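So the sequence shown is numbered by our numbering: it starts at 1378 and just counts up by one. Read the structure below first, then the notes.
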Amino acid sequence: MSSPRKTIFDLERRNDLVSDFRFTVVDLEKTNVKTKSLGKMSLKELLNACIRTWPYRQGANSIPSYASALGFDIYDIDDETDILYNYELFLNLLHWAPAYDSDRASMISMLSIDDDSTISEECARCIENIEYKLEMINMRVRTVATGGIPQYIISKRDAQVDSVVEAVPELSETLLSYLDVRNQKDEDAKKSVLKAIADYLEDRHKSKYYKGTMYAGLEDNLFTVFNKVGIRHGDKKQWKLRKPARMKLYDQAFKAAIHLLQMEDVKTFNDIVSDLKKKQEELVGTNGNNSN
1378 MSSPRKTIFD LERRNDLVSD FRFTVVDLEK TNVKTKSLGK MSLKELLNAC
1428 IRTWPYRQGA NSIPSYASAL GFDIYDIDDE TDILYNYELF LNLLHWAPAY
1478 DSDRASMISM LSIDDDSTIS EECARCIENI EYKLEMINMR VRTVATGGIP
1528 QYIISKRDAQ VDSVVEAVPE LSETLLSYLD VRNQKDEDAK KSVLKAIADY
1578 LEDRHKSKYY KGTMYAGLED NLFTVFNKVG IRHGDKKQWK LRKPARMKLY
1628 DQAFKAAIHL LQMEDVKTFN DIVSDLKKKQ EELVGTNGNN SN
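Here it is as structure tokens:
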């Protein structure tokens, strides 16, 4: 009997995510800091207090209420997806907690530190520890600035996507967002990214840019998916697929699109090698003539 298929966590883990998260929670609970208005409290209690002024709280007034609104459990520390959601929230609040804005009458202004407090240092230490643990499972923390206040989002690392981001910077945020932990089960988010890729490739598709290349069939299949699986259109001609099949096809289409977007790099590589081969052949021919 074959063994169960391994998840991405099993394949890429170099650390024990569950144990590491438990240590993180214990650290937040045992690390005490001082506040001017609330006195001495644990770092975890501080995060729970300052979420009331965090700009992305979505109406929540505590960590449990935020988790409930977004559909993850802060108490189930054996579920790896929930752990990543918790890590993301902790990172955002650890960045937010030391903030001080004298013009805003809010809880966060009352958490300004006195000379004996170490809120900034302790938050920075915890952020560094969490980012290191995420690195060990091939995750990254990317920053998205909305309205001037950054938000920290956990995404899966992907070398191919990184290379395409460099070649197509105008699609960078869109492509990276496909890998966000929060978007892995979000069909609308995946469709939005694929539509943006389709819009970017539209001019090339119309001009038959890939005709005669090894990518022509791939490009044709991609646009079939873009046009027939609810990404660009919602008419009756769309293929009738159940959600699990659609989501799997979206992931496969994203990988295929990344491969297609790498064509310029492949073409550049082939041109360089062809040029080097030509020069080498000319050099060998010249040396051969000289020997005669």
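We put the CB at the ideal spot given by N, CA and C, even for glycine. Owing to the predicted nature of the structure, the values given are computational and were not obtained by experimental measurement.
With contacts defined by Cβ atoms closer than 9 Å, Lys1510 and Tyr1452 do not form a contacting pair. Per DSSP, Ala1522 lies in no alpha helix (DSSP H); the unbroken beta strand (DSSP E) holding it starts and ends at Met1516 to Thr1523. With a cutoff of 9 Å on beta-carbon distance, Asp1404 and Leu1420 are scored as near each other.
The alpha carbon of Ala1573 has as its nearest neighbour, out of Tyr1555, Lys1562, Gly1589 and Glu1422, the alpha carbon of Tyr1555. Under the three-state reduction of DSSP output, Tyr1529 falls in the strand class. Check the Cα spacing between His1582 and each of Leu1423, Thr1601 and Phe1449: the tightest is with Thr1601. CA-CA distance, Thr1458 to Gln1657, rounds to 54 Å. If you draw a straight line from the Cα of Asn1469 to the Cα of Met1516, it comes to about 16 Å. In the DSSP assignment, Thr1412 falls within the unbroken beta strand (DSSP E) covering Asn1409 to Thr1412.
Ile1496 and Thr1408 have their C-alpha atoms spaced approximately 10 Å apart. Under the 10 Å beta carbon count, Phe1646 is surrounded by fewer than 16 other beta carbons and is classified as exposed.
Your pair Thr1401 and Asn1506 checks out as a contact, with CB atoms roughly 7 Å apart and the cut at 8 Å.
Note on geometry: alpha-carbon atoms of Tyr1577 and Ser1651 lie some 29 Å from one another. Scanning its chain for C-beta atoms nearer than 8 Å, with the 5 sequence neighbours on each side dropped, one finds around Val1542 the residues Leu1548, Ser1549, Leu1552 and Leu1553, in chain order. Taking a 10 Å sphere around the C-beta of Trp1616, we find fewer than 16 other C-beta atoms and assign the residue as exposed. For Ser1419, the secondary structure class from DSSP, reduced to helix, strand or coil, is strand.
DSSP places Asp1557 in the strand class (E or B) of the three-state scheme. In the three-state scheme derived from DSSP, where H, G and I count as helix and E and B as strand, Leu1618 is classed as coil.
With fewer than 16 other Cβ atoms from the protein chains shown falling within 10 Å of its own Cβ, Ile1649 counts as exposed. In the three-state scheme derived from DSSP, where H, G and I count as helix and E and B as strand, Thr1645 is classed as helix. One thing to note: Asp1535 has its Cβ no nearer than 9 Å to the Cβ of Ile1440. If you keep only unbroken alpha helix (DSSP H) runs of at least 4 residues inside the region 1564-1642, you get 1564-1583, 1593-1605 and 1620-1638. The three-state reading of DSSP puts Ser1439 in coil, since its state is none of H, G, I, E or B.
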